[in-house]
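Novice: Heads up: the sequence shown begins at 8 in the working numbering, then just goes up one per residue. There's a structure below that I have some questions on.
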Amino acid sequence: MTSRVVCGVFCCLFVTWYRMEFLIHLVMLSSLCGLITGYTDGDRVHDLMSKYPLIDGHNDLALKLRILHNNRLSKIDLHNVSKVSTDINRLQAGHVQAQMFAAYVLCAAQEKDAVRLTLEQIDVIRRMCTEYGELQLVTSAQELKTAEMKHKLACLISIEGGHSIDSSLPALRMFYQLGVRSMSLTHTCNTPWAESSSTLLYDFYQRDNNSLTGFGKAVVEEMNRLGMIVDLSHTSWATARAALKLSKAPVIFSHSSSYDICNHSRNVPDWLLRELKNNGGIIMVNLYSRFIACRDHANISAVADHFDHIRKVIGAESIGIGGDFDGAANFPVGLEDVSKYPALIQELLRRNWSEMELAGVLRLNFLRVFEEVERVRDELTGTLPSEAESPPEEVQNPCRLVLRRPDLGGVQSDKVVWSKAHNEPLGPTSLRLWAIILLLPSLLALY
C-alpha cells in the first residue's frame, strides 16, 4: 500500500509539473505569436472599443464653456478646446461614441434663478450638438444606436441637481420636452424634497431623517412616467435607498465609485450596490482622484481596483463609466482627459476581464438600462401627468410669486398692476399719482 501511495503522489506531482510547464510554454507561445503578427494589447483594445465604443455617463464640458467662454460657441472651435479635458478630437481618440453632457448650475442658484440658468446650459448643449456635423443630439436608445451606425458622436442631456426644477413637476416635464433624459435628484445641497450626500454646510433645507419627502417620491414617479433616468449620484444613501425601493425603472449612479475602496461620502457602499443590483440599475465609475484614492493623486491601477471590487460584489453587468471630466480638478496619471479611456480598458484586460464583460461596461449595460426605462414609460402611457405640489411650508423660496388676485380695497378691475420693487399691487392713490405725472407735460403745455 505504501509503495502505491508513493507512486500516486509522484504521478500527481509529475502531472502538476507538466501542466505548469505546458501553461508557461503556452503563454510564451502566445506572446511570441503576438510579436510575430504585430497584434499588440493596444490593437486588442482598439478593436474592442471600435466594436463597442464607450457611452460615458457624465461630463461637465458645458459648465467649462460657461466659465471660460460665457457659452459663446462662436468664439471657439469645439474640435480643439484649450483649458478643458473634452473636445471632439479627444472624444474620438478615446472611442467615446455617446456622451451624457450635464446641464449643471451651482447650488447657490437655488431659490434664485436656477431654472433660467439650467435652460441656458441646455441651450449650449443643444447648440454644440447640432452645430457640429460630428455630433448628434439623441433622446432615445434607438436614436443612440442609430447615431453609432452613422458614426456620429451621440449627445445625451442630463440635469445635475434637482434644485434645477425649483420643486415644479411642470418644469421637469418641460425639461424633458427640451431633450433632457436624466436628472440627479440632488447635487451638493439638499432640495426641499431630497437629501444630498454632501457634507458642505449649505443653509438650504437642513433636516434629519427625511431623505425623500412625499413630493420627492412624486418626482421619481413622474420621471418613471416620462422615461427620464433617475440618477442617484450626489444623493445621500438614505435618499438613494428610498428611490431604489420606489422606482419602477432601473436607476443609475452616473458618476460614483466604491466606498469600500475609498470611503468618500460620494461613493457607494456594498449594501447599497446590492440594492442597485436588485433594481437592475448600474453604477458608472467616476475617475476623479479624490473618489478613487481619497487624495489628489491616483493611478490607473487604483481605478481598476474599483472596477474589480464592484464586479466582485454585483457583477460586471451592473457597471459603466462616468468619467466626470471637466467637473473635477484631479484625475489619475494616464487618465487626464477623455482621450485616455483606452488605457483603462487595457488595464482591465490585463486583469483578465473578458471582452464581453468590457462590452457591457463600455455600452451594453447602459443601453439595457435606457431601454428598460423606456419600456416602463410605455407601460405607464395611460397614466396622467402628476399634479403633485410641494407644500408651501417645505418650499421657503422668497422669490416665488403667489398668483392670486390682490385686494384692491373694493376697486373693481380686470387687470392687476404690480409694483416691480415689492411685487405688490399699486393701490388707487398710487394709480392717480401716476396718472397726474404722465399728464403733467400736457397740462404745462396749456400755459
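Cβ coordinates follow ideal geometry from the N, Cα and C atoms, glycine included. Quick caveat: nothing in here was measured; it's all calculated off a predicted structure.
Relative to the alpha-carbon of Ser171, which residue among Cys162, Leu160, Tyr183 has its alpha-carbon at the smallest distance?
Specialist: Position 164 of the sequence shown, counted from the start, is the residue given in the question as residue 171. It is Tyr183.
Novice: Three-state secondary structure (DSSP) at Ala109?
Specialist: For the purposes of this step, residue 109 is identified with residue 102 of the sequence shown, where counting begins at 1. DSSP places Ala109 in strand when its eight states are reduced to three.
Novice: Below 6 Å CB to CB, which residues in the same chain sit around Gly434 once its five sequence neighbours on both sides are set aside?
Specialist: Reading the sequence shown from its first residue, position 427 is the one you call residue 434. Residue placement at Gly434 cannot be trusted, given a pLDDT of 46 that sits under 50; what the coordinates show is reported in the next sentence. Here the set comprises nothing.
Novice: Identify every residue that forms a DSSP beta bridge with Thr242.
Specialist: Within the sequence shown, the letter at position 235 stands for residue 242. Ser203, per the DSSP bridge assignment.
Novice: When you compare only the Cα positions, how much space is there between Ile83 and Lys90?
Specialist: For the purposes of this step, residue 83 is identified with residue 76 of the sequence shown, where counting begins at 1. For the purposes of this step, residue 90 is identified with residue 83 of the sequence shown, where counting begins at 1. Going from the Cα of Ile83 to the Cα of Lys90 covers about 12 Å.
Novice: Report the start-end ranges of each beta strand (DSSP E) in the segment 333–364 that is 3 residues or longer and not cut off at the edges.
Specialist: DSSP runs (the beta strand (DSSP E)) wholly in the segment 333–364: none.
Novice: Tell me which same chain residues have a C-beta within less than 6 Å of the C-beta of Asp421, skipping the five on either side of it?
Specialist: Along the sequence shown, one-based indexing puts residue 421 at 414. Residue confidence for Asp421 is low, a pLDDT of 49 falling below 50, so the modelled location carries little weight; the figure read from the coordinates is stated next. Excluding positions up to five away in sequence, the list is empty.
Novice: Using 8 Å as the limit for Cβ to Cβ distance, is Arg382 near chain D?
Specialist: Given the protein chain composition of this structure (a single chain), no chain D is represented.
Novice: Tell me the residue span of the beta strand (DSSP E) that contains His262.
Specialist: Residue mapping note: residue 262 aligns to position 255 of the sequence shown, counting from 1. Per DSSP, His262 belongs to the beta strand (DSSP E) from 259–263.
Novice: Counting only the same chain and skipping the five closest in sequence on each side, list residues whose C-beta sits under 6 Å from that of Asn306.
Specialist: Start at 1 with the first residue of the sequence shown, and residue 306 comes out as number 299. Once the five neighbours on either side are set aside, the close Cβ partners of Asn306 are Pro339, Val340.
Novice: Using 10 angstroms around the beta-carbon of Leu280, count the other beta-carbons present and answer buried if the total reaches 16, otherwise exposed.
Specialist: Your numbering for residue 280 matches position 273 in the sequence shown. With 16 or more other Cβ atoms within 10 Å, it is buried.
Novice: Taking the alpha-carbon of Gly49 as reference, which of Glu396, Ile352, Leu410 has the nearest alpha-carbon?
Specialist: Within the sequence shown, numbered from 1, the residue matching residue 49 stands at position 42. Closest option to Gly49, Cα to Cα, is Ile352.
Novice: What did DSSP end up calling Asn77 once you bin it into helix, strand or coil?
Specialist: Looking up residue 77 in the sequence shown gives position 70. Residue state, collapsed to three classes: coil.
Novice: State the DSSP-derived secondary structure class of Cys269, mapped to helix, strand or coil.
Specialist: Taking the first residue of the sequence shown as position 1, residue 269 is located at position 262. Three-state DSSP puts Cys269 in coil, outside helix and strand.
Novice: With DSSP as the reference, please indicate the residues paired to Ser189 in a beta bridge.
Specialist: Counted from its first residue, the sequence shown places residue 189 at position 182. Paired residue(s): Ser165, Ile236.
Novice: Say whether the segment 110–117 touches the segment 92–101, bearing in mind that this needs 3 or more beta-carbon pairs closer than 8 Å, one atom from each stretch.
Specialist: Cβ pair count under 8 Å is below three, so no.
Novice: Given that a residue counts as buried once 16 or more other Cβ atoms are within 10 Å of its Cβ, and exposed if not, what is Ser165?
Specialist: Residue 165 sits at position 158 when you count from the first residue of the sequence shown. The residue is buried, with at least 16 neighbouring Cβ atoms inside 10 Å.
Novice: Check each candidate in Arg79, Gly223, Leu185 and name the one with the smallest Cα separation from Trp200.
Specialist: The sequence position of residue 200 within the sequence shown is 193, counting from 1. Ranking the options by Cα distance to Trp200, first place goes to Gly223.
Novice: Mind checking whether Ala323 and Val292 have CB atoms under 8 Å apart?
Specialist: Counted from its first residue, the sequence shown places residue 323 at position 316. Counted from its first residue, the sequence shown places residue 292 at position 285. No, they are not a contact pair.
Novice: Whose C-alpha, out of Lys58, Asn197, Leu126, is nearest the C-alpha of Glu362?
Specialist: Here residue 362 refers to the residue found at position 355 when the sequence shown is read from its first residue. Ranking the options by Cα distance to Glu362, first place goes to Lys58.
Novice: Between the Cα of Ser261 and the Cα atoms of Asn285, Val145, Ile290, which residue gives the shortest distance?
Specialist: For the purposes of this step, residue 261 is taken as the residue at position 254 of the sequence shown. Ser261 has its Cα closest to that of Ile290, out of Asn285, Val145, Ile290.
Novice: When burial is assigned at 16 or more other CB atoms within 10 Å of the CB, is Ser265 buried or exposed?
Specialist: Here residue 265 refers to the residue found at position 258 of the sequence shown. Ser265 comes out buried.
Novice: Flag this pair as yes or no: are the beta carbons of Ala1 and Val237 separated by less than 8 Å?
Specialist: No information on residue 1 is available, as it lies outside the stretch 8 to 454 that the chain covers here.
Novice: Rounded to the nearest angstrom, what separates Asn430 and Arg407 at their Cα positions?
Specialist: Here residue 430 corresponds to residue number 423 of the sequence shown, with the count starting at 1. Here residue 407 corresponds to residue number 400 of the sequence shown, with the count starting at 1. Only weak support exists for where Asn430 lies, its pLDDT of 42 falling under 50; the value from the coordinates is given anyway. Their Cα atoms are separated by approximately 10 Å.
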